[in-house]
Structures are given as C-alpha cells and as structure tokens.
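Protein chains in written order, with this note's numbering: chain A, 1 to 113; chain B, 1001 to 1108.
Just so you know, even glycine gets a beta-carbon here, dropped at the ideal spot from N, CA and C.
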Amino acid sequence: DAGVIQSPRHEVTEMGQEVTLRCKPISGHDYLFWYRQTMMRGLELLIYFNNNVPIDDSGMPEDRFSAKMPNASFSTLKIQPSEPRDSAVYFCASSLTGAHGYTFGSGTRLTVV
Amino acid sequence: DAKTTQPNSMESNEEEPVHLPCNHSTISGTDYIHWYRQLPSQGPEYVIHGLTSNVNNRMASLAIAEDRKSSTLILHRATLRDAAVYYCILDAGNMLTFGGGTRLMVKP
C-alpha cells in the first residue's frame, strides 16, 4: 500500500496564478480530507468528502479555493487566483470509517511569491 | 466541538516512559478520544484512540479517566524518534479538529 499520495511535493508560484494540488487516497477509503497547516493557525480542516461527495466545506477560506473529487481515487484542491497568504503546507488525508484512523499524505508545500 | 487542553511542550529522557496529559472537561458521551502525532516535516500519523476503556497498541497506551474528563497518552520507552508534536482530539462524527498539541522533546 503506497499510502496517500500527494503531488507536487513543492510548488512555488507567483501571486495571481492558478494552483492545483492533487491527492490520491488509499484505495477503499471512503473519506477524504484536505487540511492546511501554517505556523500561525496550525492544522485547519478545509473540506472533506464522503463517497466523492463534499460534506463540509465550511473551512474553505474563500471563493478562491475550490475542491473536487471526480472519482474515488482522485481529488484536487485549486486556488485561483493565489495570494502570498495562501503559502502553507497542504495535507490530504483519507480514512475508511470517518474519524477513526486517518492516513495523511506527505503534504504539498506551497509558496506564493 | 468539545475542546482539549494540552501542555505546549514536554521533555523526556531517552528510554524513559512519557506521560502526555490531555484535559477535555466538556467531553460528551459519544466523543472518541484520538491521539495523533506529527514528526518533523511529515504529515500527522494516527497513534491510538479510545472511548471509555484504556487501550494499548504497539505504539502507545491510552489511559482514560473514569469520568472521561482527561486522558493520558503513555509512551512506554521514549526514543529519539518519538520527538514530535502530539495532538489529543475529540470527535463525535467524521471530522478531526486539531489543536495546538504538545511538542515532545526527547533528550539522549
């Protein structure tokens, strides 16, 4: 089992550009979560999906952020347009039974200059 | 969401047991207690979880107070690789909300 796979590992982009982060959950896991981590705010839940359907997106900071899960093996988090304050590490996690036993990916470190 | 309180940091000596406390006085009857840890430059990883009874696994033990208002994560023999931020989290549904955690430093 390769675990949760995120790409890219690092992304540097200029302010105003579109950024797309990708996540492949563990096969068979029905839940997928997107988190953002910064020094100031710690780990914040942005959105989560159950069976490919977005369940709670109350953590998405603003309309510039969007997430999709077109199928059980792939999800994207898009920021358009990106701003320097979006610089953070973005983690994807998946789980079989909701809150029990999340498996996190290695994260994508995003830097917006 | 019910809130947890953890010390910001703790120190331990290598090969000694570590007891990481967590207070959750507003816990409800259906809240599970979860512990995750985050090693430097990595995503969080699951450690252990429980509801009412004490739990043991290969990584750690979880001791839950009888009134469930507090719990303690026990690392039986700390190693340098256990240096991490440890998060105590309550959940009654599908989402985990991470707090600040306890930064554990292990001295050789």
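Residue 43 of chain A and residue 73 of chain A have their C-alpha atoms some 24 angstroms from each other. For the segment 16 to 32 of chain A, the beta-carbon criterion of a distance under 9 angstroms to any beta-carbon of chain B is satisfied by 31. If you draw a 10 Å sphere on the C-beta of residue 63 of chain A, you find fewer than 16 other C-beta atoms in it, and that means exposed. Residue 1094 of chain B sits away from residue 107 of chain A, with the two beta carbons spaced by 8 angstroms or more. For residue 1007 of chain B, the CB contacts under 6 angstroms within the same chain, skipping 5 residues up- and downstream, are 1102 in chain order.
Counting C-beta pairs with one atom in each stretch, the segment 77 to 92 of chain A and the segment 34 to 43 of chain A have three or more that are closer than 8 angstroms, which means they touch. Residue environment: residue 1084 of chain B is assigned as buried (16 or more neighbouring CB atoms within 10 Å of its CB, all protein chains considered).
When secondary structure is reduced to three states using DSSP, residue 1039 of chain B falls in the coil class, being assigned neither helix nor strand.
Neighbours of residue 1007 of chain B in chain A, taken as residues whose beta carbon is under 9 angstroms from its own, are absent, since the nearest beta carbon is some 16 angstroms off. The C-beta of residue 1040 of chain B has fewer than 16 other C-beta atoms within 10 Å across all chains shown, which makes the residue exposed. When C-alpha distances from residue 1031 of chain B are compared across B:1107, B:1106, B:1096, B:1100, the shortest belongs to B:1096. Listed as beta-bridge partners of residue 1008 of chain B by DSSP are no residues whatsoever. Here DSSP, grouped into helix, strand and coil, assigns residue 85 of chain A to helix.
Taken in chain order, the unbroken stretches of beta strand (DSSP E) that lie wholly in the segment 1025 to 1072 of chain B and span 3 residues or more are 1032 to 1038, 1045 to 1050, 1061 to 1064.
Within the segment 1087 to 1102 of chain B, 1087, 1089, 1091, 1092, 1093, 1094, 1095, 1096, 1097, 1098, 1099, 1100, 1101 place their CB atoms closer than 9 angstroms to a CB of chain A, listed in sequence order.
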